[in-house]
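Chemist:
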Amino acid sequence: MSNVIKAPASAAGGRAAAKKELPERFKAYKHIWVFIEQERGQVHPVSWELMGAGRKLADKLKVDLAAVVIGPEGETTRTAAVESFCYGADLVYLVADDVLSEYRNESYTKAMTDLVNIYKPEILLLGATTLGRDLAGSVATTLLTGLTADCTELDVDADGSLAATRPTFGGSLLCTIYTLNYRPQMATVRPRVMPMPERVARDAARIITHPLALFEDDIVTKVLSFIPDRDSEKSNLAYADLVVAGGLGLGSPENFQLVRQLAAVIGAEYGCSRPLVQKGWVTSDRQIGQTGKTIRPKLYIAAGVSGAIQHRVGVEGADLIVAINTDKNAPIFDFAHIGIVTDAILLLPTLTAAFRARLSPHSRDPKRASAQ
Amino acid sequence: MLDTTIHVRRGVMAYILCAARALVLKWSTLKAGVQGTSKCGLRGSLTIVKHVFAPSPRAAKAAPVKAAEQLGEALIKTIFKRQPKPQTDLLALACRF
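So the protein lines, in turn, are chains A and B. Following the working numbering, the numbering of the first sequence begins with 31 at its first residue and continues without gaps. Following the working numbering, the numbering of the second sequence begins with 1063 at its first residue and continues without gaps.
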């Protein structure tokens, strides 16, 4: 997408610039792997988003894209493996064992590192979820390789090195990071940073099964029970098509109600920038940005949000960004598609009323509505 | 703060450390292994920061919505002109109620 923050063209040439040969022991490392995260029978959507990103890298490098499915024996793990082909996998590495029924760092790290040491991928991508972050860190330290976390862009340069771009210095800048002398080159990407690829029905192709060389008695950690977070289902911010958010420009917690009202009228999820969470006006599960949720809606309305880079990296994937701010020099106008220089407190009620009128019964005829 | 004024005088870090008799170690980018000021990361790190950059503004600047009497309505029209999908979705949503 044209609106994604791109690294400058000079980003290319990681190894060429370093004028260093890849150590001989790493020359056998080929192909791109994506870890298919599944927990309690559900594949996390970030895995499919990464398959889309991995497919592009694999095509560029002219190598295979492999999905790595780790989980308990049974239908759900097998289904995740088969489904991977529908999202572009050329082959699947499958480790199925009942020891892997609940996520535990020791068992998953063992499964992944054994696979890497045997089959030698050059790039390994994981979702920057709670599980993915935990696993990526321990796999990278076990394999003694580099890991670039929370990437916003992935690319390969002319000599095949992974150029991973991510925010740095508290999110005020971006940097491109390479792992030139170690393999695999690992990176994590947060959910919704990459677009969801289209699912294309395909028959399962090559599935390579690998046994887990670990027994239950070898694992120190025991899962006694699973207690779901009662609030985890409340907010569907990351996957909402319409999002309305408020920032410090709203002035007071009472004014944030205006954001909630607009969101309720158009059936949107509501969110906020970090200062509002820090002030305790809104709960942290509604925070949008680098340290909150990354969103990719069809429409994003930001009211009183200045648009600092930390916020920008979380909303850059939105199809249409509408910014309302009193400061015409606010950074948000640098990346918004539509900008209104006005007080959001005054505009939000008007906008809510206009949407309400449009969605009222007499406006439901699409032809009539579009003619208005 | 000086007497009879509201002027706050802030100390310089070097003087504060000196007054606290703190041991001041001078460090340098060379000692820390920083390859260059445009890069970060330490010598021996598994990952190498090739360059740091600020995000560039969007090539096409934000389209301003002119203030009008019916600003809300004008904004909605501009939104749906640029992105028609939400309109279809919203009307479909409204029809369900």
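All C-beta atoms in this analysis are idealised placements derived from N, C-alpha and C, irrespective of residue type, glycine included.
1) Leaving out the 5 sequence neighbours to the left and right, which residues in its chain are closer than 6 Å to A293 (chain A) when beta-carbon positions are compared?
2) Are the C-beta atoms of A126 (chain A) and some chain B residue less than 7 Å apart?
3) Roughly how many angstroms lie between the CA atoms of C205 (chain A) and L192 (chain A), to the nearest whole one?
4) Please list, in chain order, the chain A residues whose beta carbon lies closer than 8 Å to that of T1109 (chain B).
5) Between I375 (chain A) and chain B, is any beta-carbon pair separated by less than 7 Å?
6) I want to see whether chain B comes within less than 7 Å of A384 (chain A), judged by CB atoms only; does it?
7) Check the Cβ of L1087 (chain B) against every Cβ in chain A and list those closer than 8 Å, keeping chain order.
8) Could you tell me whether any Cβ in chain A is nearer than 7 Å to the Cβ of L1162 (chain B)?
9) State yes or no: is the beta carbon of I1138 (chain B) nearer than 7 Å to at least one beta carbon in chain A?
10) List the residues of chain A whose Cβ lies closer than 7 Å to the Cβ of I1141 (chain B), in chain order.
11) Taking only three categories from DSSP, how would you classify D128 (chain A)?
12) Going by C-alpha to C-alpha distance, which of A:V223, A:P361 and A:Y208 sits closest to S1107 (chain B)?
13) Quick check on C276 (chain A): does DSSP put it in helix, strand or coil?
14) Should Q308 (chain A) be labelled buried (16 or more other beta-carbon atoms within 10 Å of its own) or exposed?
15) Need the endpoints of the alpha helix (DSSP H) that R85 (chain A) sits in, please.
16) When you compare each of A:I148, A:A217, A:E183 and A:I66 to G176 (chain A) by their alpha carbons, which one comes out closest?
17) At a CB-CB cut-off below 9 Å, which residues of chain A make contact with G1106 (chain B)?
18) Cutting at 7 Å between CB atoms, please list the residues of its own chain near P283 (chain A), excluding the five before and the five after it.
19) Using beta-carbon positions only, say whether I3 (chain A) and P1119 (chain B) come within less than 7 Å of one another.
20) Given that a residue counts as buried once 16 or more other Cβ atoms are within 10 Å of its Cβ, and exposed if not, what is V238 (chain A)?
21) Comparing alpha-carbon positions, which option in A:R229, A:R213 and A:Y123 lies nearest E54 (chain A)?
22) Taking the C-alpha atoms as reference points, what is the distance between K50 (chain A) and E79 (chain A)?
23) Would you say L280 (chain A) faces chain B, with C-beta separation under 7 Å as the test?
24) Using a C-beta to C-beta distance shorter than 9 Å, which residues of chain A count as neighbours of A1116 (chain B)?
25) For N266 (chain A), is the classification buried or exposed, using 16 other Cβ atoms within 10 angstroms of its Cβ as the cut-off for buried?
26) Please report whether the beta-carbon of L381 (chain A) lies at a distance below 7 Å from any beta-carbon of chain B.
27) Check each candidate in A:S137, A:H61, A:P197 and A:Y149 and name the one with the smallest Cα separation from V219 (chain A).
28) Please list the partners that L272 (chain A) has in chain B, where partner means a Cβ-to-Cβ separation under 9 Å.
Modeler: In terms of the structure at hand:
1) V274 and Y300
2) no
3) 13 Å
4) G176, L177, T178, I207, Y208 and T209
5) no
6) yes
7) By Cβ distance, chain A contributes nothing, its closest Cβ being about 23 Å from L1087 (chain B), past 8 Å.
8) Coverage of chain B is limited to positions 1063 through 1159, which leaves residue 1162 (chain B) absent and any answer about it impossible.
9) yes
10) L329, L350, V352 and I368
11) helix
12) A:Y208
13) Note that residue 276 (chain A) is Gly in the sequence shown here, rather than Cys. In the structure shown, G276 (chain A) sits in a strand (DSSP, three-state: E or B).
14) exposed
15) P75 to L91
16) A:A217
17) None at all; the shortest Cβ gap to chain A is about 11 Å.
18) W311
19) There is no way to answer for residue 3 (chain A), as the model of chain A reaches only from 31 to 402.
20) One detail in the question is off: residue 238 (chain A) reads as Ile in this sequence, not Val. With fewer than 16 other Cβ atoms within 10 Å, it is exposed.
21) A:R213
22) 33 Å
23) no
24) S202, L203, L204 and I339
25) exposed
26) yes
27) A:P197
28) P1148, D1151 and L1152
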